[in-house]
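When we follow numbering that gives the first Met the number 0, the leftmost residue of the sequence shown carries the number 0, and every step to the right adds one. Below is one structure, written out as structure tokens; the observations come after it.
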Amino acid sequence: MRFRPVLLPAVFLLLAPVARASGESGKHPSLWTRALQIVHLAPRGEGLSHGEKKKPVRAMNLALDMDLGLQPIKLSETRQLKVTMSLANRSRKFVHLEFPTTQRFDLIIRDAAGKAVAQWSEDQSFSNEPAYVTVNPGERVEYHASISTRELSAGREYVVEGFFPQFNDLRIEKTIRPEK
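In structure tokens, the structure reads:
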């Protein structure tokens, strides 16, 4: 009965060479290496090196929505289309989004042929200041913008595309048909 307290450390000491060998093969430490790090028997730093960054989550568990305001759009009354893009975190973990500039999103209105008629970022200025946006579990981030309707024609279909330039998976499209 007295050998039980000694049994657990002995098992860790016997498995230490196995844990060190398996931890060096991949970028992430094995379960045994993590257990040994807790009791300070394995060296720290196995897994991700200090120079490597974790890649941001692209569209995993993120819900992107776009609200185009009042519909139908009457061109005689509307000079700007008000757009609200919201990005909601549906997971139980917070999500980091890394942006290399101050631009977070962009909007493009395309005609039936796919030609860009208007783009929101054309008359905006952005600086080269990298930043992170963190979306907590169950929360959302909203971005508001107005895009010109001057080039639109009544009765034609257009596609409003909202997207995050750094994240290809975060795209949404909605079709509009302006009236006179």
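Yeah, the Cβ is synthetic: ideal placement off N, Cα and C, and Gly gets one too.
Assuming residue i contacts residue j under a Cβ cut-off of 8 Å, what Cβ separation, rounded to an integer in Å, is found between them?
| i | j | result |
| --- | --- | --- |
| Asp-110 | Val-116 | 5 Å |
| Leu-80 | Thr-133 | Wrong, their Cβ atoms sit about 29 Å apart, outside the cutoff. |
Measuring alpha carbon to alpha carbon, tell me which of the options ends up nearest residue i.
| i | options | result |
| --- | --- | --- |
| Tyr-157 | Ile-72, Phe-125, Ser-126, Phe-163 | Ile-72 |
| Glu-128 | Gln-165, Thr-101, Ser-85, Gly-137 | Thr-101 |
| Ala-112 | Leu-169, Phe-104, Arg-155 | Arg-155 |
| Arg-176 | Arg-89, Ile-108, Pro-136 | Ile-108 |
| Ser-145 | Pro-136, Ala-62, Leu-69, Leu-61 | Leu-69 |
| Leu-63 | Ala-153, Leu-169, Thr-77, Lys-173 | Leu-169 |
| Ile-131 | His-95, Trp-119, Gly-137, Arg-139 | According to the sequence displayed, residue 131 carries Tyr and not Ile. Of the listed residues, the one whose Cα sits closest to Tyr-131 is His-95. |
| Gln-165 | Trp-119, Lys-114, Gly-137, Phe-104 | Phe-104 |
| Lys-91 | Leu-61, Met-65, Glu-172, Met-84 | Note on identity: in this sequence residue 91 is Arg, with Lys being the wrong assignment. When only C-alpha atoms are compared, the closest one is Leu-61. |
Given a threshold of 16 other Cβ atoms within 10 Å of its Cβ, counted over all protein chains shown, does residue i qualify as buried or as exposed?
| i | result |
| --- | --- |
| Phe-98 | buried |
| Phe-93 | exposed |
| Gly-161 | buried |
| Asn-167 | exposed |
| Arg-151 | Checking the sequence, you will find Leu at residue 151 rather than Arg. With 16 or more Cβ atoms within 10 Å of its Cβ, Leu-151 is classed as buried. |
| Phe-163 | buried |
| Phe-125 | exposed |
State the start and end residues of the unbroken beta strand (DSSP E) segment that holds residue i.
| i | result |
| --- | --- |
| Thr-101 | Per DSSP, Thr-101 belongs to no beta strand (DSSP E) and is neither H nor E. |
| Ser-147 | 139-147 |
| Asp-110 | Where Asp-110 is concerned, there is no enclosing beta strand (DSSP E), given that its DSSP letter is neither H nor E. |
| Gly-68 | Careful: Gly-68 lies outside any beta strand (DSSP E) and carries neither H nor E. |
Rounded to the nearest angstrom, what separates residue i and residue j at their Cα positions?
| i | j | result |
| --- | --- | --- |
| Ala-141 | Arg-89 | Ala is not the amino acid found at residue 141; the sequence shown has Glu there. One C-alpha to the other measures close to 15 Å. |
| Leu-74 | Lys-179 | 5 Å |
| Thr-174 | Ala-153 | 14 Å |
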